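Q: In terms of our numbering, the sequence shown opens at residue 3 and continues consecutively.
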Amino acid sequence: VVVVVVVVVVVLICFSISTNMPSIKRKSSDTPIDSIFKKQKNGGRNVKKSNQNTAESLEEPRAPNALQMASDLLHQSSVPAQITGREQEKETISTFIQTSLRTRSAGSMYICGSPGTGKTASLEEIHKFLLGWIKQEKIQPAPKVIKLNGMTFTEPNKVYNKLFEDLGLSKKKKTGTVKDTQTAIVKQLCRAKDKQTPMNVVVIDEMDQLMTKDQSVLYQLFEWPSLPNSSLILIGIANSVDMTSSILPYLRTKRCEPILTIYKPYEKEDIARIIQERLSQIKSEQPIIEPLAIEMVARKVSKFSGDVRKALDICRRAIDTVSAAMRNQPTVESMLLDDESMSIHASATTPSAPVGTVTLKHVNNIMASAFGSPHVSTIKSLPLHQQICLCVAVVQFKQSKQLSTAAELYTSYCCLCRRQNLPCVSMADFQDMLQTLSHYSLLSIKQSKDARLRKISLAVNDTDVDFAIGDNRIFRQFLDENLPQSA
Numbered sequence: 003v004v005v006v007v008v009v010v011v012v013v014l015i016c017f018s019i020s021t022n023m024p025s026i027k028r029k030s031s032d033t034p035i036d037s038i039f040k041k042q043k044n045g046g047r048n049v050k051k052s053n054q055n056t057a058e059s060l061e062e063p064r065a066p067n068a069l070q071m072a073s074d075l076l077h078q079s080s081v082p083a084q085i086t087g088r089e090q091e092k093e094t095i096s097t098f099i100q101t102s103l104r105t106r107s108a109g110s111m112y113i114c115g116s117p118g119t120g121k122t123a124s125l126e127e128i129h130k131f132l133l134g135w136i137k138q139e140k141i142q143p144a145p146k147v148i149k150l151n152g153m154t155f156t157e158p159n160k161v162y163n164k165l166f167e168d169l170g171l172s173k174k175k176k177t178g179t180v181k182d183t184q185t186a187i188v189k190q191l192c193r194a195k196d197k198q199t200p201m202n203v204v205v206i207d208e209m210d211q212l213m214t215k216d217q218s219v220l221y222q223l224f225e226w227p228s229l230p231n232s233s234l235i236l237i238g239i240a241n242s243v244d245m246t247s248s249i250l251p252y253l254r255t256k257r258c259e260p261i262l263t264i265y266k267p268y269e270k271e272d273i274a275r276i277i278q279e280r281l282s283q284i285k286s287e288q289p290i291i292e293p294l295a296i297e298m299v300a301r302k303v304s305k306f307s308g309d310v311r312k313a314l315d316i317c318r319r320a321i322d323t324v325s326a327a328m329r330n331q332p333t334v335e336s337m338l339l340d341d342e343s344m345s346i347h348a349s350a351t352t353p354s355a356p357v358g359t360v361t362l363k364h365v366n367n368i369m370a371s372a373f374g375s376p377h378v379s380t381i382k383s384l385p386l387h388q389q390i391c392l393c394v395a396v397v398q399f400k401q402s403k404q405l406s407t408a409a410e411l412y413t414s415y416c417c418l419c420r421r422q423n424l425p426c427v428s429m430a431d432f433q434d435m436l437q438t439l440s441h442y443s444l445l446s447i448k449q450s451k452d453a454r455l456r457k458i459s460l461a462v463n464d465t466d467v468d469f470a471i472g473d474n475r476i477f478r479q480f481l482d483e484n485l486p487q488s489a
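(1) Using only the alpha-carbon positions, how far apart do E297 and T105 sit?
(2) For A470, count neighbouring C-beta atoms within 10 Å of its own C-beta (all shown protein chains included) and say buried if the count is 16 or more, exposed if not.
(3) Considering only their Cβ atoms, is the gap separating A274 from V365 smaller than 8 Å?
(4) Since T263 is in the beta strand (DSSP E), which residue starts that stretch and which ends it?
(5) Pull up the DSSP beta-bridge partners for L234, would you.
(6) Find the nearest neighbour of S116 within the set I458, A240, D466 and C391, judged by alpha-carbon distance.
(7) Within 8 Å, do at least three Cβ pairs link the stretch 274-293 to the stretch 149-158?
(8) Which residues bound the beta strand (DSSP E) around G109?
(9) Ignore the nearest five residues each way along the sequence and tell me which others in E342's own chain have a CB closer than 6 Å to its CB.
(10) Nearest CA to the CA of K189: which residue from M213, V203, S232 and G152?
(11) Are P260 and T119 close, meaning C-beta to C-beta below 8 Å?
(12) Looking at the structure shown, is S446 part of a helix, part of a strand, or coil, going by DSSP?
(13) Cα separation between I95 and S124?
(14) Please state whether the Cβ-Cβ distance between P227 and G308 is less than 8 Å.
(15) Hey, does E269 have any beta-carbon neighbour from chain D nearer than 8 Å?
(16) Under 8 Å, do K140 and V205 count as touching if we go by C-beta distance?
(17) In chain order, what residues of the same chain have a beta carbon less than 6 Å from the beta carbon of K302, not counting five sequence neighbours either side?
(18) Where does V1 sit, in a helix, a strand or coil, going by DSSP?
(19) Leaving aside the five residues before and after I128 along the sequence, list all residues of the same chain whose C-beta is less than 7 Å from its C-beta, in chain order.
(20) Assign D207 to one of two classes, buried (16 or more other C-beta atoms within 10 Å of its C-beta) or exposed (fewer than that).
(21) CB E225 to CB K181, shorter than 8 Å?
(22) Suppose the cutoff is 7 Å on Cβ atoms and the five residues either side in sequence are ignored; what does the same chain contact list for N151 look like?
(23) Does the count of Cβ pairs from the stretch 375-384 and the stretch 404-424 closer than 8 Å reach three?
(24) Out of L220, M201 and V203, which one is the CA nearest neighbour of D210?
(25) How would you write the range of the beta strand (DSSP E) that K451 sits in, first residue to last?
(26) Please say whether L460 and V397 have beta carbons closer to each other than 8 Å?
(27) Starting from V427, trace the alpha helix (DSSP H) in both directions and tell me its first and last residue.
(28) Assuming the contact rule is C-beta atoms closer than 8 Å, N202 and T183 should be a hit. Round their C-beta distance to whole Å, please.
(29) By DSSP, does V378 sit in helix, in strand, or in coil?
(30) Sorted by chain position, which residues of the same chain lie with C-beta nearer than 7 Å to R456's C-beta, five sequence neighbours on each side aside?
(31) I'd like the list of long-range same chain contacts for F98, defined as Cβ closer than 8 Å, with 5 residues on each side in sequence excluded.
(32) Closer than 7 Å by C-beta to R319: which residues in its own chain qualify, once you throw out the five before and the five after it? Chain order, please.
(33) Thinking just about the alpha-carbon of each residue, which of M435, L411 and L76 is nearest to the one in L2?
(34) Go to V219, then tell me how far its alpha helix (DSSP H) extends in each direction, as first and last residue.
(35) What residue range is occupied by the uninterrupted alpha helix (DSSP H) comprising K302?
(36) Can you give the Cα-Cα distance for Q100 and L229, rounded to whole angstroms?
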């Protein structure tokens with residue numbers, strides 16, 4: 003009986019354990035599984051939503067990215083590998099240089115035309131072409147190519163020092179007089195010509211900046227190729243079409259008149275083709291700029307100046323406007339407070355114009371400011387150091403909102419020149435520049451007994467200055483760091 007009771011008790015205990023354990027396991031396992039499942043379920047919805055937001059965030063910047071690429075391609079510093087148009091002018095220049103190198107004969111050419119007609123860009127393309135041509139033709143010894151810019155010289159006579167160095171004469175003993183430097187250059191250029199004497203191709207951009215009262219520097223430069231045994235092939239570039247005929251009339255008498263190549267202003271078809279070819283490098287389903295807007299810019303610019311740089315700048319500024327509007331995505335409240343933002347946003351979201359496309363309204367707004375002021379073209383035509391002086395005046399006024407003295411402007415001017423590794427003019431020359439800018443009605447000067455303490459103020463809108471010289475690499479960083487960005 004005892005044994006039976008014990009066995010029954012054991013069986014009951016085992017049955018109780020076997021029935022309770024699964025429930026414990028189910029309870030212990032169901033809770034984490036359920037929680038995990040719920041988390042996965044909720045997380046799945048969150049992940050899906052997050053992925054959707056991520057996809058939307060990846061799609062939205064597509065237009066701004068394309069717009070940024072378009073803005074970079076339209077920048078003046080972005081020079082394409084091959085210049086659109088100017089085939090006849092490029093052929094003339096290339097033939098002249100190739101013939102001179104083949105026959106080892108000196109000569110000179112003067113390339114002129116309005117600003118923004120492709121003179122400098124064409125020379126850069128020709129330079130790259132000639133490097134390959136020289137290797138292909140196996141011209142030995144290889145000619146030496148020297149490229150100078152007249153705007154980098156504070157005085158026209160400084161061009162002799164630069165030529166002296168670039169011709170490899172800096173290692174030789176050099177006296178301090180300009181006459182001795184000229185003599186050394188002539189000896190180097192007019193050595194007895196044989197097959198071991200390399201030809202020297204000297205390209206001087208902004209050549210009109212080397213003008214003096216008696217034009218002695220320009221006369222001498224154009225005379226050097228006509229000297230006996232000369233190895234100089236001189237190419238001058240400037241805007242003035244009549245420089246060699248009116249300003250340098252004695253070149254014909256001395257029989258050293260250069261070959262003349264004139265770059266005519268771009269026609270509207272040429273300007274439109276240049277813009278379209280630059281934008282064609284971007285693969286986009288929607289147009290960056292509406293064709294009608296490009297046509298309007300081309301027609302307007304060709305009518306006023308034919309300066310393709312102005313057309314590129316207008317398109318780039320319109321693109322930047324659309325890009326900024328897309329990044330900020332104005333709210334209803336902000337649009338109600340800002341009619342201009344509302345009009346920009348509305349024009350960018352009309353059914354005929356997809357989001358991220360520059361419309362006719364965008365370019366018209368930019369052109370209204372670009373062609374509305376007569377000061378823009380004047381500022382663009384100023385010499386480099388006068389532009390720096392004007393830029394300094396803008397920065398000084400923006401920072402202090404007060405009149406600045408000539409001494410304060412000169413200190414800021416020297417600071418900017420040092421930042422760009424440019425030589426500074428003297429205080430006396432700086433005072434002359436202030437007078438010149440005042441004559442052009444760009445600055446206003448209050449007279450004082452001490453010239454250094456004269457009060458200087460802007461006589462022109464700072465936006466005109468920014469529009470005229472804001473794309474120049476020498477000023478862009480300076481303006482961005484010190485000037486507040488306009489909306």
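All C-beta atoms in this analysis are idealised placements derived from N, C-alpha and C, irrespective of residue type, glycine included. As the structure is a computational prediction, the values presented were derived from the model and not from experiment.
A: Let's see:
(1) Taking the sequence shown and counting its residues from 1, one reaches residue 297 at position 295. Taking the sequence shown and counting its residues from 1, one reaches residue 105 at position 103. Using only the alpha carbons, I get a separation of about 46 Å.
(2) If you number the sequence shown from 1, residue 470 lands on position 468. Buried, by the Cβ-count rule.
(3) Looking up residue 365 in the sequence shown gives position 363. Looking up residue 274 in the sequence shown gives position 272. Cβ atoms of V365 and A274: not closer than 8 Å.
(4) Walking along the sequence shown from the start, residue 263 turns up at place 261. Here the beta strand (DSSP E) through T263 covers I261 to Y265.
(5) For the purposes of this step, residue 234 is taken as the residue at position 232 of the sequence shown. Per DSSP, N202.
(6) On the sequence shown, residue 116 is found 114 positions in, with the first residue counted as 1. If we check each option's Cα against that of S116, A240 comes out closest.
(7) no
(8) Reading the sequence shown from its first residue, position 107 is the one you call residue 109. Looking at the DSSP string, the run of the beta strand (DSSP E) that includes G109 is G109 to G115.
(9) Locating residue 342 in the sequence shown gives position 340, counting from the first residue. Below a pLDDT of 50, predicted positions are generally treated as unreliable, and E342, at 42, falls in that range; the measurement from the model is reported next regardless. Closer than 6 Å at Cβ, skipping near neighbours: no residue.
(10) Residue numbering aside, residue 189 sits at position 187 when the sequence shown is read from its first letter. Of M213, V203, S232 and G152, the residue nearest in Cα terms is S232.
(11) In the sequence shown, the residue the question calls residue 260 occupies position 258. In the sequence shown, the residue the question calls residue 119 occupies position 117. Cβ distance not < 8 Å, so P260 and T119 don't count as in contact.
(12) Translated into positions along the sequence shown, residue 446 becomes position 444. Note: S446 maps to strand in three-state DSSP.
(13) Numbered from 1 along the sequence shown, position 93 holds the residue referred to as residue 95. Numbered from 1 along the sequence shown, position 122 holds the residue referred to as residue 124. Approximately 9 Å between the Cα atoms of the pair.
(14) Here residue 227 refers to the residue found at position 225 of the sequence shown. Here residue 308 refers to the residue found at position 306 of the sequence shown. No, they are not a contact pair.
(15) Annotation note: the requested chain D is absent from the structure, which comprises a single protein chain.
(16) In the sequence shown, the residue the question calls residue 140 occupies position 138. In the sequence shown, the residue the question calls residue 205 occupies position 203. No. Outside cutoff.
(17) Here residue 302 corresponds to residue number 300 of the sequence shown, with the count starting at 1. Within the same chain, K302 has close Cβ partners M369.
(18) Any property of residue 1 remains undetermined from this structure, which presents the chain solely from 3 to 489.
(19) By 1-based counting over the sequence shown, the position of residue 128 is 126. Excluding positions up to five away in sequence, the list reads K92, I95 and S96.
(20) On the sequence shown, residue 207 is found 205 positions in, with the first residue counted as 1. It is buried - the Cβ of D207 has at least 16 other Cβ atoms within 10 Å.
(21) On the sequence shown, residue 225 is found 223 positions in, with the first residue counted as 1. On the sequence shown, residue 181 is found 179 positions in, with the first residue counted as 1. No, the pair does not count as a contact, with Cβ atoms beyond the cut-off.
(22) Against the sequence shown, residue 151 aligns to sequence position 149. Hits under 7 Å: D207 and E208.
(23) no
(24) Indexing the sequence shown from 1 puts residue 210 at position 208. Scanning L220, M201 and V203 for the CA closest to the CA of D210 turns up L220.
(25) As a working note, residue 451 is residue 449 in the sequence shown. Segment: none, K451 is in no beta strand (DSSP E) and carries neither H nor E.
(26) Position 395 of the sequence shown holds residue 397. Position 458 of the sequence shown holds residue 460. No.
(27) For this step, residue 427 is matched to residue 425 along the sequence shown. V427 -> no alpha helix (DSSP H), and no H or E assigned at all.
(28) By 1-based counting over the sequence shown, the position of residue 202 is 200. By 1-based counting over the sequence shown, the position of residue 183 is 181. Rounded, the Cβ-Cβ distance is 16 Å, inconsistent with contact.
(29) As a working note, residue 378 is residue 376 in the sequence shown. Note: V378 maps to helix in three-state DSSP.
(30) Here residue 456 refers to the residue found at position 454 when the sequence shown is read from its first residue. Contacts found: T407, A408, I447, K448, Q449 and S450.
(31) For the purposes of this step, residue 98 is taken as residue 96 along the sequence shown, with counting starting at 1. So the list reads G109, M111 and I261, once near-sequence residues are dropped.
(32) Taking the first residue of the sequence shown as 1, we reach residue 319 at position 317. Excluding residues within five positions, the ones whose Cβ falls inside 7 Å are I368.
(33) Outside the shown range of the chain, which is 3 to 489, sits residue 2, and nothing can be said about it.
(34) Taking the sequence shown and counting its residues from 1, the one referred to as residue 219 is at position 217. Unbroken alpha helix (DSSP H) run through V219: S218 to E225.
(35) Within the sequence shown, the letter at position 300 stands for residue 302. K302 -> alpha helix (DSSP H) spans P293 to F306.
(36) Indexing the sequence shown from 1 puts residue 100 at position 98. Indexing the sequence shown from 1 puts residue 229 at position 227. Distance between the alpha carbons of Q100 and L229 is about 20 Å.
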